[in-house]
Structures are given as structure tokens and as C-alpha cells.
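Data block below; observations after.
There are 2 protein chains.
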Amino acid sequence: MTVTIKDVARLASVSVATVSRVLNSSAPVSPDTRERVLQVARSLHFVPNGSARSLSRRRAAALGVILPDLYGEFFSELLRGIDQAAQRASHSLLVSSSHHDARGIGSAIRAMRGRVDGLLIMAPEVDAADVAEVLPADFPTVLINGAAASSSVQTITVDNFGGAQAMTEHLLSLGRRRIGFIAGAAHNADALERERGHHAALQSAGLPIDPELYVRGDFSEESGWQGAATLMGILSPPAAIFAANDAMAIGAISYLREQDITVPERMAVVGFDDIPVARYLNPSLTTVRVGIAALGQQATALLLDALDNRAPPTNVASRSVLPTHLVIRGSCGSPTSAPSRQPAASSTARNGFDETPIVSH
Amino acid sequence: MTVTIKDVARLASVSVATVSRVLNSSAPVSPDTRERVLQVARSLHFVPNGSARSLSRRRAAALGVILPDLYGEFFSELLRGIDQAAQRASHSLLVSSSHHDARGIGSAIRAMRGRVDGLLIMAPEVDAADVAEVLPADFPTVLINGAAASSSVQTITVDNFGGAQAMTEHLLSLGRRRIGFIAGAAHNADALERERGHHAALQSAGLPIDPELYVRGDFSEESGWQGAATLMGILSPPAAIFAANDAMAIGAISYLREQDITVPERMAVVGFDDIPVARYLNPSLTTVRVGIAALGQQATALLLDALDNRAPPTNVASRSVLPTHLVIRGSCGSPTSAPSRQPAASSTARNGFDETPIVSH
DNA sequence: TTGTAAGCGTTATCAG
DNA sequence: CTGATAACGCTTACAA
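Chains A and B supply the protein sequences, listed in that same order.
Per the working numbering, residue 33 is the first one in the first sequence, and the count goes up by one each step.
Per the working numbering, residue 33 is the first one in the second sequence, and the count goes up by one each step.
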């Protein structure tokens, strides 16, 4: 038997209404009854029951977070940002992961119904329309990195296209013209946009799109390792590898090291996301900064605004796009360290970690 | 107004009780009314309200997770394990982070009261007794990696002491006798145990404990970078660095690379945790495998058992310790690549990532 | 300023 | 097999 508001009321010789008023400061209460109630509540270690409160108030002070996965630094960063913003607004987080398809998302939503005031959904492999389908009607929701399909769900994403385009342009400017690309999963919206950006940059430069330079991964380190292996196995291997996320870039570098192929001298390798560990790698990873935690924060802010009805009209398909930035570190080499058959001397000055040059675009 | 069980009842011309029975299969219902109810429920997209259900059932089918932080791969791995186990048992997760002291933990608990059936708390910097203090009386709780203090709270932890001891012994066996140690935060229970293990190994080997070889970090990459800088600044720098977690080891390696100090030739560097990225680093990181996700799974399993009363007697201070394993990779070098003034040839065969030798202890 | 009582949406106990 | 109805613990009109 846990202690309830009735116990407090009884011991303080007041009604439960008064106890509630004291605890929520929701109406004036005489100083001494107030003090008496607080005294009793404290001594009893009374804590109001959240479910009862949510039921009565019709709001839960909690947000639901639905993620495809929980593996790697990307998701912990995202969740960190979400948690920060939610905590600032005194909201709890109901988290559920391993939901890749609309069905899975649907059941996750069902489990959350009545326990959360709004939903944050990251589902890069699911069409936004399909997500909207499984949503309770008019339920406040923000989609993170959803596919660009028009729908009634508010969406926030990063500039995958622009970031990838800028990165490929940078590699080309360094003299690396044969670029291997390790793509993400076939239906991943982020991955596809990054791919499109890469191709756009190639085409602008008048370069062909060589199918041999294209392999598909799944955003895991291991698939990056495999991707690099495949790319090195073709007749005329590339001078650079652009992995569609940092984890795959890390895997690729790992493979190259095992093969004694020096990075960046013989092979430039770049990634996407700028996960926290990227700057500490050897060589430090040139990548596209996404501001993962900020993405989570902004998504949460958007959702909280919607809950407060400071929101955009419900059935307008709002879509925010956060900018990305090129982060040039060691793994792409400098113009002078162009690819050569001989391992170059590793004396190229490397950037200290606290002075990472950032190139906006 | 969202659709409730009453709406379903009305449209199916039955009582709410029957609807509930159908939806929960909690009592026999005639096949055709059953079908009718399901039909209506589906067409109305009815989803039961979680708060109401929790309130009535007196169980929430949710677990609370309280973490000190959400930064880095350690926490995403831990959460992944917890989520897996919870999901298998159809439990949701209410997550709250950034709670380092007993007060913060207390307020997090308050926010969860009535919404969760049990608590998973990771609070390496808080004494178990202090945690017990802020806990509702007899609330099912499992402490992850708590300090060893005797208390009434069930605790699960990893063999920090043994793992660190084994690692230091390994470094010594490689001929690295001067070992710099980058410790964790002053009150972090895990960090302290790892420190104790390291010292125990040194003493067994008859080696002195040199205060100059000891620096304090905070488990972040940056503090590892700083720690390495400090250790390299002393008069007679070490031949190896043992960082109390992988993140700090990564930071240390990053510093050494910037100074052109080759790892492992001139400096062996090892860590603790075996976060997923460790095997992909350059050089791949020798570390102590903790089985982070497994830790989360087991903690959750313990808690779920307690909820089912398959539990150990409530006020017995049960304490499980998971074993750790040495994972020998590239960053510690081999016996032949003992420290020397000349950078050794980097031709030492490196392990492929799929054949990592593991040494139990 | 305080108390009474009607919900909030389910589940569970009784009768029937 | 089915229907009333009393909880579950709290908030919030409405009165007093």
C-alpha cells in the first residue's frame, strides 16, 4: 500500500482538495493549513501518482520518442538533445526503439497512447504518409529525418543533400576525382539524399557516375569495412571514399589500415554526421557536421510549441531543414598530399582538436 | 475528444465491461459479440488510454531508467540492452538522464512515481545508501554499477577490479613497467574500483605507485587528451597509458598522434569498457570487455524478476557481479614491440576485426 | 478559505 | 456469457 493523497488529507485533517491545492499551488490556502499539509506530506514521503494525475489533467507531461535503433553515437546524441529540451520543459521521455517499419511504429504508438502528450518519431526508412496513417488523428507529432513526402505531419531534417554535395565538391577540389561512395540502406531517406547530393556534385563537375564506385552499406561500422573492401577490389580503385555516415567511414578506415593503405595519403576517407568521436580518430575524420543534439533539441522545441498551441496550423505540412557544415580534418588530406603510389611522409601538420576549421556552405 | 472505451461499447451495443473483456481476453465472450466489438474498435481506431489502464490495474507496464548522462557510446549500449529486455517483456521505458547526485535522482523518481513499476538506476557517483534514502519505501529497484556499500537495494555491476588488475598484469607482461593511469571522477565507484585493481596489480608485481603517473579525468575524450598531455609532460614519461575507460583512451591516443608519438610502438594505450567503436580505431583498442548491453539486459531481467516476485527476499542486499574479459588488440603492442626510442617498423601483423583474441580471467 | 462531489478511462467484482 | 458499478488516485467545478 503506497501512500495516497487521502492519507495526507486524513492526517492533516483537511480534504483531499485542499491537499491538491497546496501541492499544486492551484488556489489560495491559508498559511497554516498549508504548512500543516506540507509537513504531513513530507513526513509521509508522499509523491502523487503520475497516472492518476495524467488521467485527471488530461495531459501527461511526457513525450514519446520512437527510434529505429539505439546503436552508436548518433542515437545517444539525438536522445541527449531531446532529453535536454524535454527536461527544461519538465517533460519526461517515454522511449522505444527498434521500430523500422510502419507496423512497428504503430504498435509503439499504441503502447504510448494516453501516457504522452506528443510524439517524436525518427523513421528514415518509412514514408511520412505511412507514419501519418498509423497516428491517432491529430496527435501532435514531429517527424525527425523523415522522407520528404508531403503529409500532414510536421517534419524536421538536416540538409543532407547540400552537405553531401559540398563534401564531394571539396574532395574534387583536392584533386580526388575518382570517389567511391558507400551508401546507406536502400530505403533510408537520409541516405538517399546524401547520395543525391554526391551525384549532383559529380554531374556539376562533368564527371561520370561509375556504378563500380558505388556500394551499399547499412550505416554500421562493419558495412563500411565491407564497403571499403569491395571498393578496393575493383580494377581501378578510387582515390577517395565518401561514406554516407561516420560509422561506415570508421569501418572503411579500419579496413584500409589492415591493408596498409595509408589514409589520407593513398586514400582520402570522409563521413557524414560528425559524431563526437570523429575528431578523436586517427586520422581525425573529415565529415559533415549535422548538429545531432541540436536536431533533437529543435525537434522537441517544435513539438512543445505545438502542444502549447503556439503551433503552426495543424494541417499544414511544415518542414524545417537544419543547415550542415563541412568539417575539414585529417582524413581527407590536403591538396598537396594528392594520391600517389608511394606512401607520403606523414609529416603533414595536423589540426589540434580545439581548432577544427569549419567551412559553412 | 479522443475515442474511449465507452464509444466502442455504445456502437457495439454492449457494456464497457464486455469491451474490456474482449480487448484483454480476460474472460470468455461469445464469438459474435467478440467479433462485433473488435470490428467497432478497429473502425474507430480505438487505443486504450495508458494512464487509465495503469491506474486501474495498479501496474504501468513500464520501467524507469535513471542515468547520470547520455553522452557517448557507453550509455547508448546500456540503454540498448535495457530496451531489448524490457521490450521482450512488453514494458516501456521512461528515461531520464543528467542525474548525478541524490537530489537529482530524487526528483527524477518523483516524476516517475505511478508511471513505472520499477526503477533502473545508474549512479556511479552516489552512495547506494543515499539512493535508497530517496527511494519510495520498498520500491522495486536495481542499481547499476553502484558503490559497493551495503544497502537494501539490489545491485548489479561488472568486475571493475578484476578487469583492471588483469589489464595491468598484461601490460607488465609486455615489458611496460612504467604505466601512466588516467583515472575517472573522484567519486565514481566504477572508476575507483578500476584504480584499485590497477594498484593491486602493481603491488603484486612489487612495483611502486608513483603519484606522477596518476592523473584524474572524467571519462570524456577531452579529459583523456588532457591526461595524456600531462603524463607526457613529466620528467620520465611512462611507456604505457591505462585509461579508466575507452573514451579517455581515445582522447589519449588522439593527443599522442598529434605529438607524433606512435602507438603502440612508443606508447601502449589501453582502455576499459570495449565500446563498439573500440575495435575499429587505429590502432584498434586493447581494452577490458564489459558487455555493456548485457549489463543492461541483466539489470532489467533482475528487475522484472523482482516484479514477478520470483525475486530474492526484499531486504537482502543482493549484489551480482558480471565478469570482464581482456580484449587484446593493437594499441598495447606485442612483447617484441617493446618501447624503444626509435619508432619501430609498423609491420607488426594486426588482428582482423573478426578474430579478436579474448583472454578470460 | 475550505469541502463535496463529479469526473478522467480502465479494470474488476458481483450479480444475474 | 453479460451488465452494473465500485474502485484506481487525482483535479476541479461548484457550493458553502
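Even glycine gets a Cβ: it sits at the ideal position worked out from N, Cα and C.
This structure is a prediction, so every number in the text was calculated from the model and none was measured.
- Roughly how many angstroms lie between the CA atoms of B/A218 and B/L224, to the nearest whole one? Taking the second sequence and counting its residues from 1, one reaches residue 218 of chain B at position 186. Taking the second sequence and counting its residues from 1, one reaches residue 224 of chain B at position 192. Rounded to whole angstroms, B/A218 to B/L224 spans 8 Å at the Cα level.
- With DSSP as the reference, please indicate the residues paired to B/Y246 in a beta bridge. As a first step, residue 246 of chain B must be located in the second sequence, where it is residue number 214. Per DSSP, B/F213.
- If you run the structure through DSSP and keep just helix, strand and coil, what is A/S45? What you label residue 45 of chain A is simply residue 13 of the first sequence in a count that begins at 1. Looking at A/S45 - three-state DSSP - the assignment turns out to be coil, as it is neither helix nor strand.
- Query: How is A/T294 classed by DSSP in three states: helix, strand or coil?
  - Reply: Sequence index remark: in the first sequence, residue 294 of chain A carries index 262 (1-based). A/T294: coil per DSSP, three-state reduction.
- Message: Suppose contacts are defined by Cβ-Cβ distances below 7 Å. Is B/A276 in contact with B/R321 by that definition?
- Response: Mapped onto the second sequence, residue 276 of chain B falls at position 244. Mapped onto the second sequence, residue 321 of chain B falls at position 289. It is not a contact, given that the beta carbons lie outside the stated cut-off.
- Query: Count the other CB atoms within 10 Å of the CB of A/E165; is the residue buried (16 or more) or exposed (fewer)?
  - Reply: Stepping through the first sequence from its first residue, residue 165 of chain A is reached at position 133. A/E165 comes out exposed.
- Mind reading off the beta-carbon distance from A/I214 to A/A284? Whole number of angstroms is fine, and I expect it under 8 Å. Walking along the first sequence from the start, residue 214 of chain A turns up at place 182. Walking along the first sequence from the start, residue 284 of chain A turns up at place 252. Going by Cβ atoms, the distance from A/I214 to A/A284 rounds to 7 Å, so yes, they are a contact pair.
- Tell me, to the nearest whole angstrom, how far the beta carbon of A/V61 is from that of A/R53; I am working on the premise that it is less than 8 Å. One-based indexing of the first sequence puts residue 61 of chain A at position 29. One-based indexing of the first sequence puts residue 53 of chain A at position 21. Sure, about 5 Å apart at Cβ, within 8 Å.
- Task: Can you give me the start and stop residues for the beta strand (DSSP E) that A/T65 sits inside?
- Result: Against the first sequence, residue 65 of chain A aligns to sequence position 33. Not the beta strand (DSSP E): A/T65 falls in the alpha helix (DSSP H), residues 63-75.
- Item | Of the residues B/M299, B/G136, B/M144, the one placed nearest A/L394, counting alpha carbons only | Any answer about residue 394 of chain A is impossible in this case: the structure gives chain A only from 33 up to 393.
- Task: Determine the direct distance from the alpha carbon of A/D115 to that of A/A325, and round the result to whole angstroms.
- Result: As a first step, residue 325 of chain A is located in the first sequence; it is residue number 293 there, counting from the start. As a first step, residue 115 of chain A is located in the first sequence; it is residue number 83 there, counting from the start. The straight-line gap from Cα to Cα measures roughly 9 Å.
- Endpoints, the beta strand (DSSP E) within which A/T173 is located: Counting from one through the first sequence, the residue named residue 173 of chain A turns up at place 141. Run containing A/T173: 173-176, per the beta strand (DSSP E) assignment.
- Message: Between the alpha carbons of A/D340 and A/A121, how many angstroms are there, rounded?
- Response: Within the first sequence, the letter at position 308 stands for residue 340 of chain A. Within the first sequence, the letter at position 89 stands for residue 121 of chain A. Going from the Cα of A/D340 to the Cα of A/A121 covers about 11 Å.
- Using 7 Å as the limit for Cβ to Cβ distance, is B/P345 near chain A? Indexing the second sequence from 1 puts residue 345 of chain B at position 313. Interpretation of B/P345 is limited by its pLDDT of 49, a score under 50 that renders its predicted location unreliable; the figure taken from the coordinates is listed afterwards. So, not an interface residue.
- Message: Measuring only the C-alpha atoms, how far is A/H230 from A/C364?
- Response: Within the first sequence, the letter at position 198 stands for residue 230 of chain A. Within the first sequence, the letter at position 332 stands for residue 364 of chain A. Whole-angstrom Cα-Cα distance: 16 Å.
- Of all Cβ atoms in chain A, is any one closer than 7 Å to the Cβ of B/I282? In the second sequence, residue 282 of chain B corresponds to position 250, counting from 1. So, interface residue.
- Where A/M144 meets chain B, residues with beta-carbon distance less than 8 Å: Residue numbering aside, residue 144 of chain A sits at position 112 when the first sequence is read from its first letter. Simply G82, S124.
- Message: Helix, strand or coil for A/K38? Go by DSSP, reduced to three states.
- Response: Residue mapping note: residue 38 of chain A aligns to position 6 of the first sequence, counting from 1. Three-state result, A/K38: helix.
- Taking only beta-carbon atoms, is B/D115 less than 7 Å away from chain A? Your numbering for residue 115 of chain B matches position 83 in the second sequence. So, interface residue.
- DSSP state of B/G323, grouped into three classes? Numbered from 1 along the second sequence, position 291 holds the residue referred to as residue 323 of chain B. B/G323 falls in the coil class under three-state DSSP.
- Query: Does DSSP put B/I359 in a helix, a strand or coil?
  - Reply: Here residue 359 of chain B refers to the residue found at position 327 of the second sequence. Checking the sequence, you will find Val at residue 359 of chain B rather than Ile. Secondary structure at B/V359: strand, using DSSP grouped into helix, strand and coil.
- Mind checking A/I141: buried by the 16 CB within 10 Å criterion, or exposed? Residue 141 of chain A sits at position 109 when you count from the first residue of the first sequence. The residue in question, A/I141, is buried, as its Cβ has 16 or more Cβ neighbours within 10 Å.
- Give a yes or no on whether 7 Å exceeds the smallest Cβ distance from B/E253 to chain A. By 1-based counting over the second sequence, the position of residue 253 of chain B is 221. True, the Cβ-Cβ gap to chain A drops below 7 Å.
- Message: Taking the alpha carbon of A/A333 as the reference point, which residue from A/T356, A/G207, A/T173 has its own alpha carbon closest?
- Response: Locating residue 333 of chain A in the first sequence gives position 301, where the first residue counts as 1. Of A/T356, A/G207, A/T173, the residue nearest in Cα terms is A/T173.
- the ligand SAH heavy atoms versus the CB of A/T200: any closer than 6 Å? Looking for the ligand SAH in the displayed structure turns up nothing, as the structure carries no ligands at all.
- Message: Measuring alpha carbon to alpha carbon, tell me which residue in B/R91, B/V163, B/L99, B/G256 is nearest B/V301.
- Response: Your numbering for residue 301 of chain B matches position 269 in the second sequence. For B/V301, the nearest C-alpha among the options comes from B/G256.
- Task: Find out if the Cβ-Cβ distance for the pair A/G303, A/A281 is shorter than 7 Å.
- Result: Locating residue 303 of chain A in the first sequence gives position 271, counting from the first residue. Locating residue 281 of chain A in the first sequence gives position 249, counting from the first residue. Yes, the Cβ-Cβ distance between A/G303 and A/A281 is below 7 Å.
- Query: Assuming A/T319 contacts A/D305 under a Cβ cut-off of 8 Å, what Cβ separation, rounded to an integer in Å, is found between them?
  - Reply: Here residue 319 of chain A corresponds to residue number 287 of the first sequence, with the count starting at 1. Here residue 305 of chain A corresponds to residue number 273 of the first sequence, with the count starting at 1. Contact flag correct, Cβ pair sits at about 6 Å.
- Does A/R120 have its Cβ less than 7 Å from a Cβ in chain B? Reading the first sequence from its first residue, position 88 is the one you call residue 120 of chain A. False, the Cβ-Cβ gap to chain B never drops below 7 Å.
- Task: Express the C-alpha separation of A/A221 and A/F107 in angstroms, rounding to a whole number.
- Result: Here residue 107 of chain A refers to the residue found at position 75 when the first sequence is read from its first residue. Here residue 221 of chain A refers to the residue found at position 189 when the first sequence is read from its first residue. For A/F107 and A/A221, the distance between alpha carbons rounds to 16 Å.
- Task: Would you identify the three-state DSSP class for A/I188, choosing helix, strand or coil?
- Result: On the first sequence, residue 188 of chain A is found 156 positions in, with the first residue counted as 1. Of the three classes helix, strand and coil, the one that applies to A/I188 here is strand, per DSSP.
- Item | Extent of the continuous alpha helix (DSSP H) to which B/I114 belongs | Counting from 1 along the second sequence, the entry for residue 114 of chain B is found at position 82. Its alpha helix (DSSP H) spans residues 105-120.
- Whole-number beta carbon distance between B/L76 and B/V35, since they are thought to touch under 8 Å: Position 3 of the second sequence, counted from the first residue, corresponds to residue 35 of chain B. Position 44 of the second sequence, counted from the first residue, corresponds to residue 76 of chain B. Indeed, because the Cβ distance is near 5 Å, the residues count as touching under 8 Å.
- Message: Does the CB of B/S58 have a neighbour CB from chain A at under 7 Å?
- Response: Along the second sequence, one-based indexing puts residue 58 of chain B at 26. Cβ-Cβ to chain A under 7 Å: no for B/S58.
- Query: Which residues in the same chain as B/I137 place their Cβ atom closer than 8 Å to its Cβ, once the five residues preceding and following it in sequence are excluded?
  - Reply: Stepping through the second sequence from its first residue, residue 137 of chain B is reached at position 105. Contacts found: I98, H131, I153, A155, V158, V163, V166.
- Given that A/R112 touches chain B, what residues does it touch there, using C-beta distances under 7 Å? Position 80 of the first sequence, counting from 1, holds the residue named residue 112 of chain A. Within chain B, the residues near A/R112 are L102, Y103.
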